[in-house]
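Let me begin by presenting the structure, written as structure tokens, before commenting on it.
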Amino acid sequence: MPKIGNDIVDLNFAKTQSNWERSGFLEKQFTIKEQQEICNSENPFLKVWQFWSMKEAAYKCYTQKEEKRFFAPQKFECTLKENHFGNVIFEDYKFYTKTTITSFYIHTVAENLFIKNSNKIRKFSGIGSPNLIDNNIKLKIAEKTGISFLEIEKKKTKIGAPLFNYQEKVLTKSCSISHHGNYGAFAFTL
Amino acid sequence: MTKQEIIQKLTSIVKPYIQNEEGFKNISENTDFINDLEINSANLVDIILDVEDEFKIHIDNDSMEKMMSVKETVAIIQAKMNA
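First to last, the sequence lines map onto chains A and B. Residue numbering for the first sequence follows this note's numbering, beginning at 400 and increasing consecutively. Residue numbering for the second sequence follows this note's numbering, beginning at -3 and increasing consecutively.
This is the structure we're talking about:
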């Protein structure tokens, strides 16, 4: 079953809330290969947060399949391809990522299988204000399914992953929400 | 160091990163960093580094993996301090 995860990093917030140059910060979260790539990068700050968002998006994709929580960013290894496409490898799993970078934020969507929009599965993602994300998702679902916005309900799985329901029926095949600073973001499939 | 003292120190460590005041007011052994305090996952590593500095211990990757709640974190700090 295809799953989707996403992660947003507010770059201004990352500058004030985190210090990537802090001793131990890179060593604990990034593999040796990633650390070298960060240090050799023209903009190490951006590389740190791009890798971080890839790892986090892959983790959120993985935990929808395997319902457990843990903090092991170093076990998710990122490889960048062209145009901000990339892969994240975690144990026997491979995730396909696409990152969008602007001067304000970094947003990554990760999938465990290449999801092609079709009759069977449709994928959506977006960025907005953090407290409007649930509504943005409901609006999108309402638009695509014809179900009334007011009857779409947000629930959570036992590990805290979001689901959107209509009369006890789960509408989202996979769903991920992320918040950071002034941004919220989502990715889901129907 | 007693468990209460550890929790007290841990409470001051997490304070700068919390985003849910209500959750922080009710902090207890059962508090989860992400679900209850809404700490951003990007700050979990800061908490781990702060814990290492404060308690003068080294947290290996296997321990770090479990540090998502007060209970787990206290257990790891106790184990490392007694090692």
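Beta carbons are placed, not taken as given, at the ideal position from N, Cα and C, and that holds for glycine.
Residue 501 of chain A and residue 507 of chain A have their alpha carbons spaced roughly 12 Å apart. Within 7 Å of the CB of residue 421 of chain A, the CB atoms of chain B belong to 45, in sequence order along the chain. At the C-beta level, residue 32 of chain B and residue 16 of chain B come within 8 Å of one another. Between residue 579 of chain A and residue 407 of chain A, the gap from beta carbon to beta carbon is short of 8 Å. A Cβ-Cβ contact shorter than 8 Å links residue 417 of chain A with residue 38 of chain B. In this structure, residue 462 of chain A keeps its C-beta atom at 8 Å or more from the C-beta atom of residue 536 of chain A. Beta bridge pairing from DSSP links residue 479 of chain A with A:485. Within the segment 26 to 38 of chain B, 30, 31, 36, 37 and 38 place their CB atoms closer than 8 Å to a CB of chain A, listed in sequence order.
Secondary structure at residue 12 of chain B: helix, using DSSP grouped into helix, strand and coil. Listed along the chain, the chain A residues whose CB falls inside 9 Å of the CB of residue 57 of chain B are 427, 471, 473 and 474.
The beta carbons of residue 523 of chain A and residue 587 of chain A sit closer together than 8 Å. Cβ neighbours of residue 584 of chain A within its own chain (closer than 6 Å, five residues either side excluded): 405, 407, 506, 526 and 577.
Counting only the Cα atoms, residue 493 of chain A lies some 25 Å from residue 438 of chain A.
Taking CB atoms only, residue 433 of chain A has no neighbour in chain B less than 8 Å away. By the rule that beta-carbons nearer than 8 Å mark a contact, residue 6 of chain B does not touch chain A. In the displayed model, residue 19 of chain B falls within a helix according to three-state DSSP. Of all C-beta pairs linking the segment 552 to 569 of chain A to the segment 0 to 11 of chain B, fewer than three are shorter than 8 Å, placing the two stretches out of contact.
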